[in-house]
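*Asks:* Have a look at the structure that comes next, please.
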Amino acid sequence: MPSDLIFYTNPMSRGQIVRWMLEEVGQAYDTVILDYAASMKAPDYLAINPMGKVPAIVHDGRVVTECAAICAYLADAFPAAHLAPALDQRHAYYRWLFFAAGPVEAAVTNKALGFVVPEGRERTAGYGTFEDTIAALETAVAGDAWICGDQFTAADVYVGSQIDWGLSFKSIPSSPALESYAARLRERPAYKRQKEIDGALITEMQKQG
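Just so you know, the sequence shown maps onto residues 1 to 209 in the UniProt record's numbering.
Now the structure itself:
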């Protein structure tokens with residue numbers, strides 16, 4: 001029987017973030033693998049995401065795109081997984097979830113593309129400088145706790161994915177705080193399941209050429 005939760009992805013994409021979140025949630029889901037050249041731009045998928053990119057989910061007919069939004073949505077849709085704090089305790093949760101989706105994403109992408117904010121135009125860029133953005137990010141994950149204290153949440157999945165990816169591909173500079181946080185994330189069973197699933201899909205795709 002088809003699941004009421006459908007996940008559209010490509011294993012070589014930010015879909016890995018949502019796969020990890022889905023594995024943390026622990027609910028059954030169907031996966032639809034799309035390729036960049038054709039199926040992501042096909043009319044049936046553009047009806048789901050007009051941007052023609054992955055990931056996306058459809059849950060009970062409701063479409064959600066953008067990794068941070070999907071993570072937050074899944075945490076609320078499946079409260080039994082305890083991946084969102086109580087409503088009156090969501091200050092750090094929202095703060096760092098959207099900080100990673102906004103300033104961190106912009107600063108890291110711009111640096112990777114060789115874009116440098118002109119001197120004196122830092123306020124226009126919003127995130128200021130790459131160095132200031134990373135320094136602020138470190139404060140979110142310093143110490144031995146998760147972003148929301150003792151509770152692991154969707155914010156850790158999304159922020160942690162940015163850090164894990166950035167350290168692995170050297171788009172984010174290494175530091176003791178970031179390395180320690182990433183090491184704890186990599187021990188989570190759901191993280192390991194995601195890597196195993198997407199790793200196997202990537203291997204199969206490479207075999208097919």
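Every residue, glycine too, gets a C-beta built ideally from N, C-alpha and C.
If you compare alpha carbons, which of G143, G15, Q206 is closest to Y191?
*Replies:* Minimum Cα distance to Y191 is reached at G15.
*Asks:* Spatial neighbours of A142 within its chain, please: C-beta separation below 6 Å, excluding the five flanking residues on both sides.
*Replies:* Closer than 6 Å at Cβ, skipping near neighbours: A177.
*Asks:* For the beta strand (DSSP E) that S59 lies in, which residues bound it at each end?
*Replies:* In the sequence as presented, Ser is not what sits at residue 59; that position holds His. Here the beta strand (DSSP E) through H59 covers 56-59.
*Asks:* Any idea what DSSP makes of I134, helix, strand or coil?
*Replies:* Three-state result, I134: helix.
*Asks:* Touching or not, the region 62-71 and the region 142-162, by the rule of three or more beta carbon pairs under 8 Å?
*Replies:* Verdict: yes, contact present.
*Asks:* What span of residues does the alpha helix (DSSP H) with residue 258 cover, start to end?
*Replies:* Residue 258 falls outside the range modelled here, since the chain spans only 1 to 209, and no answer is possible.
*Asks:* Quick check on the DSSP output: the alpha helix (DSSP H) that includes D156 runs from which residue to which?
*Replies:* D156 -> alpha helix (DSSP H) spans 154-168.
*Asks:* Determine the closest residue to L126 out of A101, E138, L201, with distance taken between C-alpha atoms.
*Replies:* One point to set straight first is that residue 126 is Gly, not Leu, in the sequence displayed. For G126, the nearest C-alpha among the options comes from A101.
*Asks:* Would you give the residue range spanned by the alpha helix (DSSP H) that V18 belongs to?
*Replies:* V18 -> alpha helix (DSSP H) spans 15-25.
*Asks:* For chain D, is any of its Cβ atoms less than 7 Å away from the one on E204?
*Replies:* Judged by its chain identifiers, the structure shown contains no chain D, having just a single protein chain.
*Asks:* Using C-beta distances below 6 Å, list every residue in its chain close to G52, excluding the 5 sequence neighbours before and after it, in chain order.
*Replies:* For G52, where only same-chain residues beyond five positions count, the Cβ hits under 6 Å are M40, K41, L46.
*Asks:* Would you kindly report the start and end of the unbroken beta strand (DSSP E) that includes I33?
*Replies:* Element bounds for I33: 30-33.
*Asks:* Using three-state DSSP, classify F78 as helix, strand or coil.
*Replies:* In this structure, F78 counts as coil in the three-state DSSP scheme.
*Asks:* When DSSP labels each residue in this structure, what does F115 get in the three-state scheme?
*Replies:* Three-state DSSP puts F115 in coil, outside helix and strand.
*Asks:* Pick out the complete alpha helix (DSSP H) segments inside the region 164-200, 4 residues or longer, and give them in chain order.
*Replies:* Those alpha helix (DSSP H) runs which fall completely within the region 164-200 and span 4+ residues are 176-185.
*Asks:* I'd like the list of long-range same chain contacts for N10, defined as Cβ closer than 6 Å, with 5 residues on each side in sequence excluded.
*Replies:* So the list reads L34, V54, once near-sequence residues are dropped.
*Asks:* When you compare the CB positions of P85 and C148, do they come within less than 7 Å of one another, or not?
*Replies:* Contact flag set, yes.
*Asks:* How big is the Cα-Cα spacing for D30 and R19?
*Replies:* The alpha-carbon atoms of D30 and R19 are separated by roughly 11 Å.
*Asks:* Does the beta-carbon of F130 have 16 or more other beta-carbons within 10 angstroms, so that it is buried, or is it exposed?
*Replies:* Label assigned to F130: buried.
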